[in-house]
RNA sequence: GCGAGCGUAGUGUAGUGGUUAUCACCGAGCGUUGCCAACGCUUGAACCCGGGUUCGAGUCCCGGCGCUCGCACCA
């Protein structure tokens with residue numbers, strides 16, 4: 016990062032803290048790494064982003080919103096693979112005892128240290144022996160694997176059982192698949208969305224909002240039948256060229272439709288969600304020229320995924336992954352099925368039912384049991400192998416070499432016709448997963464504009480109207496002659512409208528008040544002046560152009 | 001935390017140690033209707049988990065987990 020960029024970043028984070036958008040949490044107690052507050056302005060911003068996200072997906076028509084607990088029993092995350100796999104490789108500085116991630120320290124010495132095994136990573140660490148980012152020493156303890164989940168105990172004392180705070184919202188959507196399936200009238204495809212908190216006990220949180228220990232995430236799990244070719248309409252994006260970094264072709268620019276046609280994007284539903292994600296991000300104010308899709312390398316992708324694209328956004332910390340769109344196959348549902356023995360499947364009917372004839376023998380438990388005692392199980396197995404034409408009594412030899420006589424009273428005929436009308440299969444899942452905090456960070460980063468105004472530095476936060484935390488500021492030119500009162504009335508009537516936030520501000524010069532409003536990105540300022548008292552009009556000032564226009568109060 | 005009771009399809013349930021695990025509603029498909037839970041045919045779905053006793057466990061025993069009710073506590 017250049018000095019100029021570093022200066023901008025410092026001024027931006029300073030402004031965010033000063034104006035109550037994003038600030039370090041628990042600061043009066045010394046703060047806590049990786050934990051941030053959304054302040055009085057940021058809280059509203061976060062909510063609007065979450066809401067815009069939900070609306071964006073729910074409008075597809077086959078998506079439902081659910082909300083699952085963050086406290087999660089051990090067994091759930093064991094089944095999902097998180098207990099075993101979800102860990103980072105950690106090494107301690109022997110000089111200052113600061114823990115660091117071995118892979119991140121070696122990033123400049125290996126193309127993808129994240130993919131290395133523990134022993135390879137240890138070898139690389141030994142040969143490079145990097146400096147400790149905290150104290151500068153080069154003396155490291157052996158690498159240990161550290162699980163990234165916050166563990167907790169569900170219930171008190173001896174009756175408590177182990178659990179974790181969820182590291183992602185997804186598992187709750189997989190475990191409630193049967194309810195979702197039935198709710199959706201047993202028809203695929205459908206999806207479930209959830210916004211909420213996730214927790215990862217990061218070893219070294221840094222870069223502000225980029226790596227957090229408690230974070231806001233928003234995930235869609237979209238369930239599809241792998242045997243049905245997906246049909247998506249890409250006409251909305253036919254003229255939009257997207258920046259793609261593909262595993263095989265490197266950096267390319269093409270429409271999403273072409274990318275699917277050329278198999279750069281391997282699955283149409285993944286491509287569809289990439290396009291929808293592009294829309295979402297640009298609608299809320301991400302600069303499309305600072306947005307790219309990067310395909311995971313084979314060694315970077317989770318072993319079960321068949322294709323995965325990250326959305327990376329360019330900001331003060333470089334290109335940062337903010338969204339992951341993964342084709343997860345049947346891995347998740349299958350894992351929970353194996354762990355629980357419950358059915359997590361969807362059904363497809365055959366065009367024609369299959370007819371299966373069953374005709375043979377089995378034992379009659381009520382007579383064969385007492386007759387053969389300990390051998391009853393083996394006799395049953397042997398009898399079920401007998402041909403339909405078998406005559407009783409008959410002599411049969413068992414697996415253990417013994418020979419028994421089976422009478423007619425020990426057996427019964429099994430004869431029926433089964434008609435099999437369909438089959439059960441495990442749906443595949445395509446999952447777009449959004450890091451809301453990272454997206455909000457980049458919204459702010461992209462919206463933050465510095466300019467010179469009369470020799471002073473002037474800040475405008477050019478947030479999109481869909482996410483701007485404050486919709487209107489109402490200013491009386493002066494708080495006298497009834498202007499203050501009229502302005503308060505306007506403010507009050509705006510506040511009474513649902514989903515509208517207005518701020519009343521009468522302190523300081525009018526220019527200073529515009530500047531305050533611009534700094535938190537208020538799109539429109541309303542000013543009550545002398546003329547307002549006579550003709551019931553006010554001036555509307557547009558944030559980005561500074562243009563003013565007069566409108567009737569009744570038309571606001 | 002204490003005491004009592006209970007865990008069978010999505011829901012509510014039946015099930016003398018041997019059934020292809022009952023019934024109803026329900027869901028899906030097709031048809032007849034045609035506007036606020038209609039009808040017919042086809043079809044789908046379950047014994048909480050783990051041990052034990054037994055030739056054989058939904059059923060008996062033990063442990064775990066969960067739920068309900070009362071008491072205690074509580075945002």
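Numbering (the working numbering), first residue to last: 16 to 571. For every residue, glycine included, the Cβ atom is placed at its ideal position computed from N, Cα and C.
Same chain, Cβ closer than 7 Å to residue i, five either side skipped, listed in chain order
i: residue 229; result: 50, 212, 214
i: residue 69; result: 80, 208, 210
i: residue 59; result: 484, 516
i: residue 412; result: 418
i: residue 364; result: 436, 437
Inter-residue Cα distance where the pair is residue i and residue j
i: residue 190; j: residue 421; result: 48 Å
i: residue 120; j: residue 302; result: 31 Å
i: residue 338; j: residue 481; result: 20 Å
i: residue 22; j: residue 528; result: 25 Å
i: residue 520; j: residue 468; result: 22 Å
i: residue 258; j: residue 274; result: 11 Å
i: residue 171; j: residue 177; result: 11 Å
i: residue 146; j: residue 152; result: 5 Å
i: residue 425; j: residue 407; result: 9 Å
i: residue 18; j: residue 103; result: 32 Å
i: residue 366; j: residue 188; result: 31 Å
i: residue 326; j: residue 309; result: 6 Å
i: residue 279; j: residue 448; result: 21 Å
i: residue 512; j: residue 462; result: 27 Å
i: residue 183; j: residue 251; result: 31 Å
i: residue 375; j: residue 386; result: 21 Å
Own chain, CB closer than 8 Å to residue i, minus 5 neighbours either side, in chain order
i: residue 206; result: 72, 75, 77, 78, 79, 235, 236, 237, 238
i: residue 298; result: 67, 71, 479, 481
i: residue 409; result: 401, 420, 421
i: residue 362; result: 201, 437, 438, 439, 440
Pair within 7 Å by beta-carbon distance, residue i and residue j
i: residue 115; j: residue 150; result: no
i: residue 452; j: residue 224; result: yes
i: residue 165; j: residue 231; result: no
i: residue 56; j: residue 43; result: no
i: residue 203; j: residue 240; result: yes
i: residue 563; j: residue 556; result: yes
i: residue 473; j: residue 509; result: no
i: residue 436; j: residue 368; result: yes
i: residue 493; j: residue 542; result: no
i: residue 328; j: residue 124; result: no
i: residue 285; j: residue 537; result: no
i: residue 101; j: residue 163; result: yes
i: residue 154; j: residue 331; result: no
i: residue 64; j: residue 455; result: yes
i: residue 499; j: residue 548; result: no
Identity of the residues DSSP links to residue i by a beta bridge
i: residue 549; result: Looking at the DSSP assignment, residue 549 forms no beta bridge with any residue, so it has no partner.
i: residue 342; result: 322, 445
i: residue 289; result: The partner list for residue 289 (beta bridge, DSSP) is empty, contrary to what the question assumes.
i: residue 464; result: 475
i: residue 295; result: Its beta-bridge partners do not exist; DSSP assigns none.
i: residue 143; result: Answer is none; residue 143 lacks a bridge partner.
i: residue 554; result: 542, 565
Minimum C-alpha distance to residue i - residue among the options
i: residue 398; options: 271, 388, 419; result: 419
i: residue 192; options: 208, 22, 334, 556; result: 208
i: residue 253; options: 272, 199, 434; result: 272
i: residue 99; options: 117, 146, 161, 156; result: 161
i: residue 349; options: 26, 96, 39; result: 96
i: residue 578; options: 394, 533, 179, 38; result: This structure cannot settle anything about residue 578, because the visible part of the chain is limited to 16 through 571.
i: residue 94; options: 387, 352, 305, 496; result: 352
i: residue 283; options: 268, 265, 305, 243; result: 243
i: residue 7; options: 505, 432, 534, 439; result: An answer regarding residue 7 cannot be provided, because it is not within the stretch 16 to 571 covered by the chain.
i: residue 322; options: 267, 499, 340, 454; result: 340
i: residue 335; options: 19, 135, 450; result: 450
i: residue 307; options: 314, 342, 269, 281; result: 269
i: residue 12; options: 523, 497, 559; result: Lying outside 16 to 571, the shown extent of the chain, residue 12 is not represented and no answer is given.
i: residue 503; options: 380, 518, 514; result: 518
i: residue 544; options: 565, 532, 561; result: 565
i: residue 261; options: 197, 313, 45, 233; result: 313
Same chain, Cβ closer than 6 Å to residue i, five either side skipped, listed in chain order
i: residue 41; result: 47
i: residue 137; result: 158
i: residue 107; result: 114, 156
i: residue 443; result: 239, 241, 344, 345
i: residue 287; result: 247
i: residue 391; result: 383, 384
i: residue 88; result: 178
Residue i: CB within 6 Å of a non-hydrogen atom of the ligand FAD
i: residue 522; result: Looking at this structure, you won't find the ligand FAD or any other ligand, since it has none at all.
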